[in-house]
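Asks:
2 protein chains.
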Amino acid sequence: MRQHNLSIVLQMIHFYGSVTRSQLTSSTGLNRSTISDLVSELEQLGFAHETEGASASGVGRPSLVVTPSTNVVSFSVHPEVDATTVGLVTLSGKVIKTVRVPMGQSPTAEQSVQTATNAIAELRKELDPTQRIAGIGVAIPGQVRVSDNVVRLAPQLGWVEVPFGSMLSQATGLPVFVDNDASIGCMAERNFGAARGFLDVVYLFAGSGGIGGGAIVNGQQLRGASGYGGELGHVRIGDSNSVDYSGLSGTLESMVRRDDLLHVFKMYSATDQELDQEIQSTKSNEATKILRKQIDALGAGISSYVNIFNPEAVILAGFLTSLFNFDPDRLLDAVKTGSLKAAQERVVVRNGELGDETLMVGAAELAFRGLLENPSDAQLVPVKKSR
Amino acid sequence: MRQHNLSIVLQMIHFYGSVTRSQLTSSTGLNRSTISDLVSELEQLGFAHETEGASASGVGRPSLVVTPSTNVVSFSVHPEVDATTVGLVTLSGKVIKTVRVPMGQSPTAEQSVQTATNAIAELRKELDPTQRIAGIGVAIPGQVRVSDNVVRLAPQLGWVEVPFGSMLSQATGLPVFVDNDASIGCMAERNFGAARGFLDVVYLFAGSGGIGGGAIVNGQQLRGASGYGGELGHVRIGDSNSVDYSGLSGTLESMVRRDDLLHVFKMYSATDQELDQEIQSTKSNEATKILRKQIDALGAGISSYVNIFNPEAVILAGFLTSLFNFDPDRLLDAVKTGSLKAAQERVVVRNGELGDETLMVGAAELAFRGLLENPSDAQLVPVKKSR
DNA sequence: GAGTATATGTTGCCCCAACCAACAAAACCA
DNA sequence: TGGTTTTGTTGGTTGGGGCAACATATACTC
């Protein structure tokens with residue numbers, strides 16, 4: 009009971025950034041005195057601060073403002089083909105620092121662990137001794153067994169059955185939580201981005217490694233029996249023989265390919281921004297044709313997800329945002345054509361808001377989860393290494 | 009707190025049919041004395057009975073057995089093209105009686121309400137005066153806005169924007185809860201059938217009106233923003249131009265059609281049993297070809313759902329069970345081919361267990377839901393009409 | 001600027017509901 | 001028959017949220 013209420017209050021503080029005590033009372037339904045008690049406990053635990061926020065928003069005594077502590081932090085790790093990115097995120101969901109370490113070749117798991125460990129050690133040095141660390145969240149472009157943090161298959165990285173969690177935990181002495189990158193992105197957009205407040209969300213992310221997805225069902229992350237759920241890129245939408253990065257044919261991922269766009273623009277590699285500029289300014293018929301084909305395929309995929317999930321929002325990320333921006337009406341029309349009238353009527357299709365920070369914010373959430381669910385028993389690690 | 013614990017205990021009694029008090033203590037984690045208190049409250053509320061079950065299962069004092077009361081009942085209504093079926097179900101999930109009223113033509117909503125009202129009145133007469141009614145659950149072959157029990161579209165019945173819930177409630181004086189038939193079927197199989205105990209389930213049902221579906225995600229029914237979620241039949245799996253009953257092309261429903269099978273067997277109409285007999289005993293090449301094509305399409309659809317939901321079980325119902333039985337290996341191979349290695353490894357494909365009773369049991373669950381979630385405040389209606 | 005209305009923080013007390021410990025009861029075993 | 005084990009029962013304890021009364025800080029009114 010107490011644990012549950014503490015958790016609810018801390019989550020509100022965490023997600024909203026800062027809340028007044030009166031907001032807490034009204035949305036939890038708990039008594040003023042109870043909220044007072046809970047907040048002071050959270051303050052004592054070092055998770056929140058109370059300040060006399062100069063809100064002056066109306067009649068009556070102004071309510072105290074509760075803000076999440078910046079003394080509680082998590083690290084985020086995102087191994088990619090060409091780089092490993094490490095970030096430092098506070099409990100308030102703010103990314104304090106990001107370090108991107110370019111890698112010559114597609115890194116092995118060992119190399120990635122080493123790179124991340126070094127970067128984390130550096131970041132750790134800069135931390136204030138009063139700060140405490142919740143853990144490390146890792147975003148993997150591939151399938152992850154969440155229960156024991158094992159990467160089952162990450163096609164681009166060439167990782168198979170890699171116990172990344174235990175490796176990184178061993179190297180850093182910190183608790184590690186690993187999950188699929190798109191699932192993490194979905195959670196981030198729901199908690200802090202374009203899907204904030206929605207209970208039913210479909211998220212589609214496309215990068216150089218294919219299409220990933222995630223879903224929020226009734227407010228909860230879709231995980232599935234082992235944590236592989238939400239592979240929305242590997243869903244069959246046509247009879248095409250083109251195969252995706254996992255060898256499945258006719259899937260969304262096989263038909264909406266970043267490489268095809270790079271090819272038509274004669275680019276070898278490009279950032280999403282560079283690619284977007286080409287897309288939005290193109291006058292080539294050939295490029296337009298390919299773009300339209302991809303938009304139609306994307307629309308067909310989204311339609312299916314609208315029928316399946318009846319979501320309030322479909323969030324696009326990666327270069328899918330460029331497809332959407334190129335011809336929004338075409339995409340929306342395709343969605344409309346392919347989905348049931350009732351299911352589509354409330355759905356909003358929009359681009360993600362978090363951009364580059366998505367995975368940093370989201371991965372950190374993994375590490376904060378335990379703390380948020382059970383604040384009083386949270387195991388935080390002091391900045392100074394204990395050994 | 010109290011409400012929550014009462015709810016948990018009553019749900020266990022409801023789902024397991026009968027439980028010993030010691031089982032309740034161990035699986036809830038509550039104290040013996042607390043369980044004793046909760047059970048006696050449920051007994052006083054008239055939802056459960058305690059008996060000295062002659063279990064004699066081991067050393068120690070034998071635990072009392074708690075069984076759900078047969079004095080609490082719900083009605084189930086299932087309007088179809090050729091008939092409206094009404095059932096009487098107890099809190100223990102047992103179907104006491106089923107009345108199938110054949111309808112000459114596809115009934116209007118008014119006709120269906122009238123038929124159901126009459127049948128319910130008849131059943132009500134036979135009830136014991138000590139019994140109480142939780143309400144009426146309605147299974148609709150179409151899309152239902154759950155919030156206000158409005159049938160948005162039921163293609164076979166030709167119903168559009170029909171406020172079936174309020175109509176039936178008006179006519180009977182009982183609370184009415186309406187939902188999609190396949191969603192209801194899914195819930196029934198999870199609570200009492202082949203998917204019992206699973207947290208992640210995909211359910212596919214096929215009848216004369218097309219393919220419906222449902223899903224359980226992390227133990228919760230997939231409903232979506234408005235309750236239209238789980239339309240698993242209307243998902244695009246190919247480029248075919250054949251359209252389904254909702255006008256969408258290339259969908260699972262458009263490729264796995266009961267009518268095509270009836271046609272090849274030169275049947276005009278048939279029960280699922282009759283159709284199954286033809287299928288299992290056929291030696292026709294043409295029929296085999298069609299069956300294989302449908303099995304492959306079904307396999308492709310299931311593959312997608314395995315990738316999306318990473319379920320523990322995929323449950324088939326309606327004539328899909330016949331397809332599965334005709335060539336189980338072919339279907340399983342198709343699933344294997346089309347889905348990700350990690351996602352497919354734990355999944356079980358099996359037929360539903362509840363058969364004809366599925367919708368009766370499941371629809372009644374809708375009416376029991378409020379009672380199960382808040383036993384102490386449940387509003388039950390006595391058998392005798394109050395007015 | 002004094003008085004009033006409104007909203008919130010604070011404090012002490014109450015009460016519900018789960019827990020605990022001790023005892024009783026009903027099975028099995030030697 | 002007595003010992004062991006498991007469960008039901010009872011009375012007392014305790015944790016934690018609710019409540020009422022009071023204090024405090026703002027806006028509004030004249």
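So the sequence lines, in the order shown, correspond to chains A and B. Residue numbers for the first sequence follow the working numbering, so the first one is 9 and each next one is one higher. Residue numbers for the second sequence follow the working numbering, so the first one is 9 and each next one is one higher. Think of the CB as a built atom: it goes at the ideal place given N, C-alpha and C, for glycine as much as any other residue.
Can you check DSSP and say which residues form a bridge with Asp-187 of chain A?
Replies: Per DSSP, A:Ala-147.
Asks: Excluding five sequence neighbours on each side, which residues of the same chain lie with their C-beta closer than 6 Å to the C-beta of Gln-151 of chain A?
Replies: The residues are Arg-160, Leu-161 and Tyr-236.
Asks: Rounded C-beta distance between Phe-83 of chain A and Ile-144 of chain A? I'm assuming under 8 Å.
Replies: So it is a contact: roughly 5 Å between Cβ atoms.
Asks: Per DSSP, which residues does Pro-319 of chain B bridge with? Please list them.
Replies: Bridge partners of Pro-319 of chain B: none, in fact.
Asks: Determine the DSSP secondary structure at Leu-379 of chain A, reduced to helix, strand or coil.
Replies: Correct three-state label for Leu-379 of chain A: helix.
Asks: So, do the region 199-213 of chain B and the region 278-285 of chain B have three or more beta carbon pairs nearer to each other than 8 Å?
Replies: No, the region 199-213 of chain B does not touch the region 278-285 of chain B.
Asks: Per DSSP, what are the beta-bridge partners of Ser-257 of chain B in this structure?
Replies: In the DSSP output, where bridge partners are listed per residue, Ser-257 of chain B has B:Val-251.
Asks: Select from B:Ser-254, B:Gln-228, B:Leu-135 and B:Leu-131 the residue whose C-alpha is nearest the C-alpha of Leu-240 of chain B.
Replies: The shortest C-alpha separation from Leu-240 of chain B is found at B:Ser-254.
Asks: Per DSSP, what kind of secondary structure is Tyr-276 of chain B in: helix, strand or coil?
Replies: The answer is coil: DSSP assigns Tyr-276 of chain B none of H, G, I, E or B.
Asks: Once DSSP output is grouped into helix, strand and coil, what is the label at Glu-58 of chain A?
Replies: DSSP places Glu-58 of chain A in strand when its eight states are reduced to three.
Asks: What's the gap between the Cα of Val-272 of chain A and the Cα of Ser-174 of chain B?
Replies: The alpha-carbon atoms of Val-272 of chain A and Ser-174 of chain B are separated by roughly 58 Å.
Asks: Whose CA, out of A:Lys-102, A:Lys-133, A:Ile-148 and A:Pro-137, lies closest to the CA of Ser-120 of chain A?
Replies: Nearest option by C-alpha distance: A:Ile-148.
Asks: Say whether chain B places a C-beta atom closer than 8 Å to the C-beta of Ser-394 of chain A.
Replies: The pLDDT assigned to Ser-394 of chain A is 46, lower than 50, so where the model puts this residue is not dependable; a value taken from the coordinates is nonetheless given after this. Chain B contact via Cβ: absent.
Asks: Taking Cβ-Cβ distances shorter than 9 Å, what residues in chain A pair up with Glu-319 of chain B?
Replies: A quick correction: the sequence has Pro, not Glu, at residue 319 of chain B. Chain A residues near Pro-319 of chain B: Gly-232, Ala-233 and Gly-237.
Asks: Provide the residue span of the alpha helix (DSSP H) that contains Arg-132 of chain A, from first to last.
Replies: 117-134 is the span of the alpha helix (DSSP H), which, as asked, contains Arg-132 of chain A.
Asks: Can you tell me which of A:Asn-39, A:Phe-23 and A:His-22 puts its alpha carbon nearest to the alpha carbon of Ser-30 of chain A?
Replies: When only C-alpha atoms are compared, the closest one is A:Asn-39.
Asks: Excluding sequence positions up to five away, which residues of its chain have a Cβ less than 7 Å from the Cβ of Thr-138 of chain B?
Replies: Answer for Thr-138 of chain B: Asn-79, listed in chain order.
Asks: Taking Val-184 of chain B as the reference, give the member of B:Met-195, B:Phe-172 and B:Ser-191 with the closest Cα.
Replies: Nearest option by C-alpha distance: B:Phe-172.
Asks: Quick one: what does DSSP say Val-369 of chain A is sitting in, helix, strand or coil?
Replies: Looking at Val-369 of chain A - three-state DSSP - the assignment turns out to be helix.
Asks: Once you ignore the five residues that flank Pro-163 of chain B on each side, which residues in its own chain have a CB closer than 6 Å to its CB?
Replies: The answer, listed in chain order, is Tyr-253.
Asks: Quick one: is Gln-113 of chain A buried, meaning 16 or more other Cβ sit within 10 Å of its Cβ, or exposed?
Replies: Its Cβ having fewer than 16 others within 10 Å, Gln-113 of chain A is exposed.
Asks: Verify the CB distance criterion: does Ser-177 of chain B have a CB-CB separation below 8 Å to chain A?
Replies: No, because no Cβ of chain A sits closer than 8 Å to the Cβ of Ser-177 of chain B.
Asks: Run through chain A and tell me which residues come within less than 7 Å of His-242 of chain B, C-beta to C-beta.
Replies: Asn-315 and Leu-348, listed in chain order.
Asks: Based on the DSSP secondary-structure assignment, which residues constitute the bridge partners of Ala-233 of chain B?
Replies: BP columns for Ala-233 of chain B are empty, so no partner.
Asks: Based on DSSP bridge pairs, tell me the residues matched to Thr-398 of chain A.
Replies: Past the boundaries of the shown model lies residue 398 of chain A; chain A is included only from 9 to 395, so the question cannot be answered.
Asks: What in chain B is Cβ-close to Ser-312 of chain A, meaning under 7 Å?
Replies: Val-243 and Arg-244, listed in chain order.
Asks: Taking 8 Å as the CB-CB limit, is Arg-432 of chain B close to chain A?
Replies: The structure shown has nothing for residue 432 of chain B, since chain B only spans 9 to 395.
Asks: Run down chain B in chain order and give the residues with a C-beta less than 7 Å from the C-beta of Ser-254 of chain A.
Replies: The contacting residues are Leu-348.
Asks: Exposed or buried, what is Gln-288 of chain A when buried is set at 16 or more other beta-carbons lying within 10 Å of its beta-carbon?
Replies: Answer is exposed; the Cβ neighbour count stays below 16.
Asks: Following the continuous beta strand (DSSP E) through Pro-76 of chain B, name the residue where it begins and the one where it ends.
Replies: Looking at the DSSP string, the run of the beta strand (DSSP E) that includes Pro-76 of chain B is 73-76.
Asks: Report the neighbours of Val-225 of chain B on chain A: residues whose CB is nearer than 9 Å to its CB, in chain order.
Replies: Result: Ala-223, Val-225, Asn-226, Gln-228, Leu-230, Arg-231, Gly-232 and Gly-237.
Asks: Output needed for Leu-299 of chain A: all residues of its chain with C-beta closer than 6 Å, excluding positions within five of it in sequence on either side, in chain order.
Replies: Only Phe-334 meet the Cβ criterion.
Asks: Rank B:Val-47, B:Pro-76 and B:Leu-72 by C-alpha distance to the C-alpha of Gly-25 of chain B and give the top, closest one.
Replies: Residue B:Pro-76 is the option with its Cα nearest to Gly-25 of chain B.
Asks: Along the chain, where does the alpha helix (DSSP H) that runs through Ala-351 of chain A open and close?
Replies: Where Ala-351 of chain A is concerned, the enclosing alpha helix (DSSP H) stretches over 349-352.
Asks: Measuring only the C-alpha atoms, how far is Ala-243 of chain B from Ser-191 of chain B?
Replies: Per the sequence shown, residue 243 of chain B should be read as Val rather than Ala. In a straight line, the C-alpha of Val-243 of chain B is about 16 Å away from that of Ser-191 of chain B.
Asks: Restricting to Cα atoms, I'd like to know which of B:Glu-130, B:Thr-33 and B:Gln-302 is closest to Phe-332 of chain B.
Replies: Nearest C-alpha to Phe-332 of chain B: B:Gln-302.
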